[in-house]
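Notes follow the structure.
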Amino acid sequence: MRKILLFTFLLLSFTAVAQNPKAKTVQERLGYPAKSRLLIIHADDLGMSHSVNRATFDGLEKGYITSSSILVPCPWFPEVVEWAKKHPEADLGIHMALNSEWTAFRWATISPRDKVTSLLDSSGYLPIVETTVVQQAKMPEVEMELHAQIDKAKAAGIHLSHLDSHMVTLLRSQPLFETYTKVGRSYGLPLLLERQPGSYLPQGQQPAEWALVDRVLGIDVGVAPKDWLQAYENLLKPLGPGVYEMIVHTAIDDDEMRGATFDHPAWGAAWRQLDYDMVRSPEWQKFLKDEGFILVSWKDLAKALPANYQNGTAATGAGQ
């Protein structure tokens, strides 16, 4: 089996449990046994295209997916708004975007472009690569744009469960990280904090209110289609007690999706069809049942946050 990516989360509650054996785990705070394995099956990029929306809506409606996050600047965001009105129970967050990675399929800011010039490339779009954001973005403009994306979704009536960062861009420098956490706390929403090469996360003692997920899991580039299901099973089977998020990218492999991702075989149209087929397969459903995984959502995990965080009154800034 080819190499599998295993993204790790800064999981603070489990550090706290090691330091204080009487502290409750996230599982216990949610009413489950301490040795439970809780799993979020999360689909990225909702709103990117009609193809992504079709597959992700189906997964959410049928329970194959328990959570998804929205790319608010993308062209098919209005379709998400209409669907969310009919499905207020859906677990939806914001996939906060400061870059637009596809070569011929681009999007820009929600904020007026003349107010956030450091967030745009020479063509007037969000930069293609994350390093450009790190190099040129000004933090007041980042904060303005993150608020704009969240506020647009809230104004449209979408009930938000969490925030995460598109392509981990907001975790690639200390200023970006601190802006991300500041914005998240201002809304009282849990944040996805993902450690992988190139990401910034502070070391040492962490705020307990971030402690929700142990690991973020996703398959690596290079897995053969015939090995797709096995690759995901190999990711999950060795896991011990804890709380995990498995990220998938669901879409239909159609003309729209192939056109948008034509030069990106990784995470492109065929990749997303394979993820969609996998999460709804009887074999995958049987695996989850046999392994005893308990499927949860970010709405569930948010119940484990301290009350002051849920009310948006926790201190701002990393490490406080």
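Numbering (our numbering), first residue to last: 1 to 320.
Glycine is no exception: its CB is placed at the ideal position from the N, C-alpha and C atoms.
Given the structure is predicted, the values throughout are model-derived calculations rather than measurements.
Rounded to the nearest angstrom, what separates residue i and residue j at their Cα positions?
| i | j | result |
| --- | --- | --- |
| E209 | T25 | Note on E209: pLDDT 45, under 50, position unreliable in the model; the coordinate value appears next. So the alpha carbons of these two residues sit roughly 12 angstroms apart. |
| G240 | I65 | 21 angstroms |
| L338 | H42 | Here the chain comprises residues numbered 1 to 320, so residue 338 is not present and cannot be evaluated. |
| M144 | T169 | 16 angstroms |
| D300 | M96 | 21 angstroms |
| V133 | L30 | 37 angstroms |
| R280 | R106 | 30 angstroms |
| L191 | V213 | 10 angstroms |
| I252 | H264 | 15 angstroms |
| G59 | Y276 | 8 angstroms |
| F177 | L171 | 5 angstroms |
| L288 | P33 | 18 angstroms |
| M139 | S122 | 19 angstroms |
| L295 | N234 | 18 angstroms |
| G188 | K182 | 10 angstroms |
| E256 | S100 | 17 angstroms |
| E89 | Q273 | 25 angstroms |
| K35 | D45 | 32 angstroms |
| D151 | D254 | 32 angstroms |
Since residue i contacts residue j with CB under 8 angstroms, what's their CB separation in whole angstroms?
| i | j | result |
| --- | --- | --- |
| L160 | K154 | 7 angstroms |
| P73 | Q149 | 7 angstroms |
| A108 | L98 | 11 angstroms between Cβ atoms; not a contact. |
| S173 | Y200 | 5 angstroms |
Name the residue from the options whose alpha carbon lies nearest to the alpha carbon of residue i.
| i | options | result |
| --- | --- | --- |
| R258 | S51, A34, L30 | S51 |
| S111 | D121, H147, M167 | H147 |
| S49 | L71, I40, E61 | L71 |
| P137 | I128, W271, T117 | First, the residue type needs correcting, since residue 137 is Ala and not Pro in the sequence shown. Minimum Cα distance to A137 is reached at T117. |
| S69 | F293, K35, M167 | M167 |
| M278 | D290, S186, H249 | H249 |
| R37 | A269, G268, P238 | P238 |
| T103 | L120, T109, V129 | V129 |
| M246 | K115, P225, A224, W298 | W298 |
| G184 | I94, L39, E79, E61 | I94 |
| D91 | S186, I158, S67 | S67 |
| E79 | G157, P127, G222 | G157 |
| E283 | S186, K115, Y232, G47 | Y232 |
| G268 | K62, L119, G222 | G222 |
| A302 | V243, S173, G124, L126 | V243 |
| D220 | W271, T261, N53 | W271 |
| Y40 | L236, P175, A108, K85 | As written in the sequence, residue 40 is Ile, which differs from the Tyr given in the question. Among L236, P175, A108, K85, the Cα nearest to that of I40 is on L236. |
Tell me the DSSP bridge mates of residue i?
| i | result |
| --- | --- |
| G93 | S69 |
| E245 | I40, V216 |
| L163 | I94, L191 |
| I294 | L38 |
| L46 | I70 |
Mark residue i as exposed unless 16 or more other C-beta atoms lie within 10 angstroms of its C-beta, in which case mark it buried.
| i | result |
| --- | --- |
| A266 | exposed |
| T56 | buried |
| A304 | buried |
| Q205 | Any reading at Q205 must be qualified, since the residue scores a pLDDT of 40, below 50, and its modelled position is unreliable; no value is offered. |
| Q135 | exposed |
| R113 | exposed |
| A224 | exposed |
| V216 | buried |
| Q27 | buried |
| G218 | buried |
| G63 | exposed |
| G47 | buried |
| E61 | exposed |
Does any residue of chain D bring its CB to less than 8 angstroms from the CB of residue i?
| i | result |
| --- | --- |
| H166 | Any reference to chain D falls outside this structure, which holds one protein chain only. |
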